[in-house]
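Okay, so here's the structure we're looking at.
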Amino acid sequence: TIVVPPPPYKLEAFTMTFLTSTQLDQNKLVAATSSHLISFAQAAVPNLRTMSLNVDLSAPGNKRHLRSFRSTRDLQLQFASYTATFSGEIQLSDDSFEPTKSAVEEILIEAFSGRNLDAFILDELWANARITIGAIVIRGVNGEAVGRSKIYSPVNGKLQTPLTNRFTRAGVMFDISAKSFPVKITSLSIHTEATDSNVPVEVWIKIGSYVGHEQDESSWIPQNGGEPYILEQGMGLGRITPIPEDHFESFTIPAGQTIGVYITMSEDRAM
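Note that the numbering used here has the sequence shown beginning at 157, numbered continuously upward.
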C-alpha cells in the first residue's frame with residue numbers, strides 16, 4: 157500500500173533579531189537554526205518527515221561599543237544587530253499529529269532556554285548573542301493558521317537575592333510570575349548554615365500563588381519524584397548552595413501566570 161503524505165505545512169515568514177559581537181554568516185545561521193530546531197521538533201512531533209528553512213540575513217546595523225577597564229587594560233567589544241527572516245515548510249508523514257499553538261510554543265521554550273539556549277548561541281553560532289524571535293505561524297494547505305506562537309525573547313541568566321537575612325526556618329515559600337514570556341526554571345540555589353556533605357533538600361511547586369495554601373499539602377506537587385535532592389556539599393553562611401542543573405527537574409511558568417515554590421530542608425536545619 158502506498159501511503160500518500162498530507163500536503164506540507166507552510167512556515168509563514170518570521171524574524172529573529174540578534175545582538176552579537178560575532179559576525180553572522182547566512183549559511184551558518186540557517187544550518188545552525190535548522191539543526192537545532194529540527195532536533196526538538198522531531199522529539200515533539202513523532203510524524204515529522206522533513207523540515208526545511210530558508211533565511212534572508214540583513215547587513216549588520218546599530219553598532220554599539222561596550223568598554224571594560226581592567227587594571228591598565230582597556231577591553232572594547234563591538235556589538236552589531238542583525239535581522240534574519242526565515243520561511244520554510246514542514247512535511248508530516250501522516251495525519252496522526254497536527255501542529256497546534258501549544259505545540260509550537262512548547263518546542264520554542266524547550267529549544268531556546270537553559271542549556272539548550274546556551275548550546276544554540278555558544279556551540280552552534282559561536283557568538284555572544286541576544287535573540288528575539290517573532291511570532292511563528294504555521295499554515296495549512298488552505299492557508300488557515302493551524303499553529304501560532306507569541307513573540308519570544310529568551311533570556312538565560314541568574315537572579316540572586318541578598319544573603320543578609322536571619323536564619324529562622326527550615327523552609328521558604330515564594331512566588332515566581334512570568335509576564336509577557338514564559339520563564340523556564342532550570343536550577344535553584346539555597347542559603348543555608350549547613351556545611352556538611354549530602355544535604356537533603358525538597359522542592360515543591362503549585363499552580364498559582366502559594367498564599368493561602370501554606371498548610372494545604374494537597375495543593376503542592378513534589379519535584380524529583382517526591383525524593384529530596386541530595387546536595388554534595390553545603391556551602392554555609394554567606395554563600396549559595398546550588399542544586400546542580402543536571403539533577404534539577406526543570407519547570408516552566410507560562411506567560412501571564414504564577415507558580416508557587418516551596419523549598420525545605422529534609423532535616424531540621426536553618427536556611
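Glycine included, every Cβ here is placed at the ideal spot set by N, Cα and C.
Here the structure is a predicted model, which is why all the values come from computation and not from measurement.
For the putative contact between residue i and residue j, defined by C-beta atoms under 8 Å, what is the C-beta separation to the nearest angstrom?
i           : j           : result
residue 241 : residue 171 : 5 Å
residue 203 : residue 250 : 5 Å
residue 347 : residue 386 : That belief does not hold up - the Cβ atoms of residue 347 and residue 386 are roughly 18 Å apart, past 8 Å.
Could you pull the DSSP bridge partners for residue i from this structure?
i           : result
residue 360 : 378 and 418
residue 402 : Residue 402 is not bridged to any residue.
residue 247 : 206
residue 355 : 387
residue 329 : 418
residue 238 : 174
To the nearest angstrom, how far is the alpha carbon of residue i from that of residue j?
i           : j           : result
residue 232 : residue 419 : In this prediction, residue 232 scores a pLDDT of 46, lower than 50, which makes its location untrustworthy; the coordinate-derived value is nonetheless stated afterwards. For residue 232 and residue 419, the distance between alpha carbons rounds to 42 Å.
residue 325 : residue 421 : 9 Å
residue 162 : residue 184 : 31 Å
residue 179 : residue 252 : 42 Å
residue 375 : residue 195 : 35 Å
residue 255 : residue 408 : 20 Å
residue 294 : residue 341 : 28 Å
residue 356 : residue 166 : 49 Å
residue 193 : residue 393 : 42 Å
residue 359 : residue 262 : 23 Å
residue 200 : residue 354 : 36 Å
residue 381 : residue 352 : 24 Å
residue 246 : residue 168 : 11 Å
residue 410 : residue 334 : 6 Å
residue 297 : residue 369 : 48 Å
residue 248 : residue 264 : 19 Å
residue 416 : residue 328 : 11 Å
residue 303 : residue 389 : 46 Å
residue 402 : residue 268 : 17 Å
residue 405 : residue 271 : 13 Å
residue 239 : residue 191 : 19 Å
residue 399 : residue 378 : 15 Å
residue 212 : residue 373 : 53 Å
residue 244 : residue 207 : 7 Å
residue 412 : residue 259 : 18 Å
Quick check on the DSSP output: the beta strand (DSSP E) that includes residue i runs from which residue to which?
i           : result
residue 168 : 165-176
residue 264 : Run containing residue 264: none in the beta strand (DSSP E); it sits in the alpha helix (DSSP H), 257-267.
residue 304 : 301-304
residue 205 : 204-213
residue 335 : Per DSSP, residue 335 belongs to no beta strand (DSSP E) and is neither H nor E.
residue 389 : 385-389
residue 435 : The structure shown has nothing for residue 435, since the chain only spans 157 to 427.
Going by C-alpha to C-alpha distance, which of the options sits closest to residue i?
i           : options               : result
residue 209 : 291, 199 and 189      : 189
residue 364 : 280, 187 and 414      : 414
residue 186 : 362, 280 and 299      : 280
residue 160 : 243, 292 and 205      : 205
residue 366 : 212, 198, 260 and 331 : 331
residue 215 : 182, 198 and 197      : 182
residue 176 : 197, 391, 277 and 198 : 277
For the alpha helix (DSSP H) that contains residue i, what are its first and last residues?
i           : result
residue 191 : 182-200
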